[in-house]
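What follows is a short report on a single structure.
Numbering (my numbering), first residue to last: 1319 to 2092.
Written out as structure tokens, the structure is:
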């Protein structure tokens, strides 16, 4: 080790408390970066692993129920490697408390080639037996066990199968009554797997309404889906939807949640790492100032500034390595907690945890870079000063005229505490900004989640429907109105919802096509840009679809359903919770269908008994979606997701406490000579405590006041990131978002000040006076 390196190491060892603080601060930034990246990596890897293990299909085509013998052979298409048919029947499950639950009967073999399920308990159903395997979510939420019996109404008939097993699948990892909505409702849909031989006894024929397709390598799912739709419609088979695996509700729901949180992570990481570097620079700038004479001697001995800078960079690299390793160790634990809490909220079980070498290397490299930058930047002012000036005494700080007359009205100890802050203006300002920033980060996370929850709740509060009733098949409106009649029905507004394809030039995107009688009816359409569709040639696109197609207001696109195509003009773009959605007038969408005047469902205002009554009409009603249950499910989901935000807030509060502790300590050390003089003049511990606490409280109050606009600014940035990844989020405020981070600072800062006063009283007066005189 070179002589210069040895000397600098000894100097750093003399301030090892500051070095330790910097290592912990850098480690905090590294830990949060690695924890978030590692958790997202583990969750995505777990989902992808389950998809591969259970051979999830590349494409699903849902059709109107048709005899399996009437299905054309999809393998005639070169891009199709395999195809498997099955029957999905909407059902109503009668629960032990007398209420009903929406269900779905999946009739497929116990060992299908695609969309397999994994048995967790019990056994598989016997061929032709009245037995089912239930989804784990249904078993847990409804308390079902192997050996129980269920009463199931499906296709207008009643069935009482025995529960012989409990399973799980990638297809139904996340469930909801209505996949058209962004909100998952765990436990709201009862998924039952049963032997295909029992389907004919219920329906009276061997039917299929779902085709699972495995594609040849390199095939485009959307293009194949379009060609397959044309093949089916040419054979007289009505196509209901075409869903690539990546657009399947369960897969997409988990991915959207992860992408939404991933949108937060750069802001979280950059803010914490940035604050860490700022505090490190502040800490080691003081070190450089304290050692200015020694730096002057080094320069006088002929050491070039470049050589000194490289030596400091080497020290910074070592400190960065230590911070990176500490952060990596902390990040593994925090990342595990992040992944488990987030997985619990998304019903994603059995998370596979790992330490990805690439992510670990990035995290440690970030710590190393931050350490090097911290020491290098902190020493720039000192190294830029000529050696003669470094060897000269530090000039006394001049007090601005007139300020003393204002302070004369205050007690002596308070005056001295405030004067100490004004003398070290740069240090005071930096300390206030650093403390305010650390508190604001913690506040902004809570504001972000509160804003997300209130945005969704507000969107549903503005809706004028209580239930959305979807029919099994589109029907003429007059016939459909008779099918939805039920207890307490007050109003019903028809709609058409179907999957289709939008095309703009050489771009195409699958979309949910929605036809409404009025954009200001029971379901509101309020574009963020433009206006609602009122003419037959107008369409309103969700923001994600507009971006995918590369279109804006006034552009013309094609809306296609099977072979039917219609040219429409984009007159509005929404940025709300309804994604991948194109809204037209009802007559415009009806022209794309095969049944004139057909509707697929109704928005309904009805009494509380309405939903249970309609769910038993399984021959005509596919599902009944309750607005209240969607809102409640989202609140529950956000409450569970808040657990991970609480971890981030707790971590940020911990960093904030570390910041406050370090900054208050620096302020006290900065004035050690003055405190020594006070003690030599006989000032009591109580008055010295007043001096210290005055400075602490003044900075604390200023930082808390400043943290409010900073928190709002960060929250707006986080919400903008959320809007890019998911849907637009407006800023909403909850008092608890501010209370806990601020309370932590209010409690910690005075405690550190009191500990500092006790340290001052233990100092050797002679040593500090001697230091001041040199």
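Glycine included, each C-beta is placed from N, C-alpha and C at the ideal position.
Cα-Cα separation between residue i and residue j, rounded to whole angstroms
{"i": "residue 1618", "j": "residue 1705", "result": "6 Å"}
{"i": "residue 1915", "j": "residue 1755", "result": "59 Å"}
{"i": "residue 1320", "j": "residue 1710", "result": "27 Å"}
{"i": "residue 1778", "j": "residue 2047", "result": "14 Å"}
{"i": "residue 1804", "j": "residue 1908", "result": "26 Å"}
{"i": "residue 1505", "j": "residue 1918", "result": "25 Å"}
{"i": "residue 2018", "j": "residue 2052", "result": "22 Å"}
{"i": "residue 1677", "j": "residue 2038", "result": "26 Å"}
{"i": "residue 2015", "j": "residue 1994", "result": "22 Å"}
{"i": "residue 1551", "j": "residue 2028", "result": "58 Å"}
{"i": "residue 1666", "j": "residue 1399", "result": "30 Å"}
{"i": "residue 1475", "j": "residue 1521", "result": "8 Å"}
{"i": "residue 1708", "j": "residue 1733", "result": "31 Å"}
{"i": "residue 1384", "j": "residue 1942", "result": "24 Å"}
{"i": "residue 2143", "j": "residue 1620", "result": "What is shown of the chain runs 1319 to 2092, which leaves residue 2143 out entirely."}
{"i": "residue 1408", "j": "residue 1951", "result": "21 Å"}
{"i": "residue 1839", "j": "residue 1487", "result": "38 Å"}
{"i": "residue 1412", "j": "residue 1933", "result": "10 Å"}
{"i": "residue 2091", "j": "residue 2065", "result": "Per-residue confidence for residue 2091 stands at a pLDDT of 46, beneath the threshold of 50, marking its modelled position as unreliable; the derived number appears in the next sentence. Distance between the alpha carbons of residue 2091 and residue 2065: 36 Å."}
{"i": "residue 2054", "j": "residue 2063", "result": "15 Å"}
{"i": "residue 1528", "j": "residue 1874", "result": "33 Å"}
Environment of residue i [buried if 16+ CB atoms lie within 10 Å]
{"i": "residue 1715", "result": "With a pLDDT of 45 at residue 1715, under the threshold of 50, the modelled position of that residue is not reliable, and the figure given next carries that caveat. So residue 1715 ends up on the exposed side."}
{"i": "residue 1851", "result": "buried"}
{"i": "residue 1769", "result": "buried"}
{"i": "residue 1719", "result": "Because the pLDDT of residue 1719 is 48, which lies under 50, any placement of that residue in the model is unreliable, and the question is left without a value."}
{"i": "residue 1467", "result": "exposed"}
{"i": "residue 1539", "result": "buried"}
{"i": "residue 1717", "result": "Confidence is the limiting factor: at residue 1717 the pLDDT is only 45, short of 50, which leaves the residue's position unreliable, though a coordinate-based value still follows. Residue 1717 comes out exposed."}
{"i": "residue 1478", "result": "exposed"}
{"i": "residue 1331", "result": "exposed"}
{"i": "residue 1420", "result": "buried"}
{"i": "residue 2079", "result": "exposed"}
{"i": "residue 1794", "result": "exposed"}
{"i": "residue 2002", "result": "exposed"}
{"i": "residue 1901", "result": "buried"}
{"i": "residue 1642", "result": "buried"}
{"i": "residue 1274", "result": "Because the chain is modelled from 1319 through 2092, residue 1274 falls outside the range shown and cannot be assessed."}
{"i": "residue 1892", "result": "buried"}
{"i": "residue 1609", "result": "buried"}
{"i": "residue 2023", "result": "exposed"}
{"i": "residue 1548", "result": "exposed"}
{"i": "residue 1883", "result": "exposed"}
{"i": "residue 1534", "result": "exposed"}
{"i": "residue 1624", "result": "exposed"}
Pick from the options that is closest to residue i, judged by C-alpha positions
{"i": "residue 1645", "options": "1784, 1402, 1683, 1671", "result": "1683"}
{"i": "residue 1492", "options": "1507, 1870, 1484", "result": "1507"}
{"i": "residue 1761", "options": "1438, 1391, 2032, 1451", "result": "2032"}
{"i": "residue 1772", "options": "1687, 1895, 2023", "result": "1895"}
{"i": "residue 1790", "options": "2045, 1542, 1938", "result": "1938"}
{"i": "residue 1823", "options": "1351, 2009, 1854, 1869", "result": "1869"}
{"i": "residue 1640", "options": "1348, 1954, 1871", "result": "1348"}
{"i": "residue 1365", "options": "1986, 1626, 1668", "result": "1668"}
{"i": "residue 1736", "options": "1647, 1381, 2011", "result": "2011"}
{"i": "residue 2036", "options": "1766, 1643, 1390, 1357", "result": "1766"}
{"i": "residue 1515", "options": "1759, 1900, 1386, 1784", "result": "1386"}
{"i": "residue 1920", "options": "1810, 1837, 1929", "result": "1810"}
{"i": "residue 1929", "options": "1806, 1610, 1335", "result": "1806"}
{"i": "residue 1926", "options": "1783, 1334, 1655, 2009", "result": "1783"}
{"i": "residue 1828", "options": "1886, 1897, 1774", "result": "1897"}
{"i": "residue 1323", "options": "1616, 1532, 1439", "result": "1616"}
{"i": "residue 1935", "options": "1656, 1569, 1787", "result": "1787"}
Nearest-angstrom Cβ-Cβ length linking residue i and residue j, presumed shorter than 8 Å
{"i": "residue 1485", "j": "residue 1524", "result": "So it is not a contact: roughly 24 Å between Cβ atoms."}
{"i": "residue 1692", "j": "residue 1340", "result": "7 Å"}
{"i": "residue 1871", "j": "residue 1889", "result": "7 Å"}
{"i": "residue 1395", "j": "residue 1545", "result": "6 Å"}
Chain D within 7 Å of residue i, Cβ atoms only
{"i": "residue 1616", "result": "The structure shown contains no chain D; it holds only a single protein chain."}
Given 8 Å, three or more beta-carbon pairs between the segment 1877 to 1895 and the segment 1810 to 1826: yes
Segment contact, 8 Å Cβ cut-off, at least three pairs: the segment 1593 to 1600 with the segment 1373 to 1385: no
At least 3 beta-carbon pairs within less than 8 Å: the segment 1425 to 1432 vs the segment 1561 to 1570: no
Validate contact between the segment 1440 to 1454 and the segment 1392 to 1406 using beta carbons, cut 8 Å, 3 pairs: no
At least three beta-carbon pairs within less than 8 Å, the segment 1573 to 1580 to the segment 1862 to 1870: no
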